[in-house]
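Just so we're aligned, residue 126 is where the sequence shown starts under this note's numbering, counting upward by one.
Beta carbons are placed, not taken as given, at the ideal position from N, Cα and C, and that holds for glycine.
The structure presented is a predicted model; accordingly, all values stated were derived computationally and were not measured.
Just below is one structure, and these are the notes that go with it.
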Amino acid sequence: MLWFKHWHNLRNSPPMKYIRAVKGDAGVAAAYRLLEVMTERCGSGANFNPKLMLAPPYTEHWLACEILTSDDDYNNEPSTTQLSAMLEVFETGGLIQLGSETGQGRIKDAKGNWQPGEVTFTTLELCNFEELQDTWTARWQHKGVGQGKGGGGRTT
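Following this line, the structure appears as structure tokens:
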């Protein structure tokens, strides 16, 4: 997506109120940053995919650096532990759904050497993300089905 629609009252939505109650302003800021990351990473038009898979190079560490700020003045990067805690709050509050998918990756063998193998990656989806699509992406998604969420789809 090129941009996402911003609800004028997003701050008062149940997910954001829950996030603010549990994680304060830092949680709200992280939620907005996650919206931006998802908009940037999930493609647009016919390539729109509302699911983000945390697989190299877009790992948990990468996402932590993208959406969190460090609580530690001596450590400039937030940890994946902080990310896991934040994502759990986001899921409990109804902002995202966490999942997992198995795919090809690299795993360490008993000797500590990297080998190809099946790896399980964390996935996340924003709840109701399609409602926030920019008009161009929404039209592509509903092309051929008449007036969809983005309107302007073909009716023939």
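Asked	Found
Hey, which unbroken runs of the beta strand (DSSP E) at 3 residues or more fall wholly within the region 129-160?	none
Would Leu-251 and Met-141 be called neighbours here (beta carbons separated by less than 7 Å)?	no
Rounded to the nearest angstrom, what separates Thr-247 and Gln-207 at their Cα positions?	15 Å
Smallest Cα separation from Ser-204: which of Val-214, Ile-192 and Phe-215?	Ile-192
Buried or exposed: which applies to Gly-218, given that a residue is buried once 16 or more other Cβ atoms fall within 10 Å of its Cβ?	buried
Is it the case that the Cβ atoms of Ile-221 and Leu-179 are separated by a distance below 7 Å?	no
Apply the 10 Å Cβ neighbour rule to Ala-156 and answer buried if 16 or more other Cβ atoms are within range, or exposed otherwise.	buried
From Ala-151 to Thr-245, what does the alpha carbon distance come to, in whole angstroms?	29 Å
Expressed to the nearest angstrom, what Euclidean distance is found between the alpha-carbon atoms of Arg-145 and Arg-158?	14 Å
In whole angstroms, what is the alpha-carbon distance linking Pro-181 and Gly-228?	12 Å
Apart from the five residues just before and just after Asn-137, which ones in its own chain have a Cβ nearer than 8 Å to its Cβ?	none
Determine the extent of the beta strand (DSSP E) in which Thr-248 is found, giving its start and end residues.	239-251
Thinking C-alpha only, which one of Ala-189, Trp-187, Leu-135 and Glu-243 is nearest Lys-233?	Glu-243
For Leu-212, which option in Pro-241, Glu-202 and Gly-224 has the closest C-alpha, if you only look at C-alpha atoms?	Gly-224
With burial defined as no fewer than 16 other Cβ atoms inside 10 Å of the residue's Cβ, what is the status of Ala-189: buried or exposed?	buried
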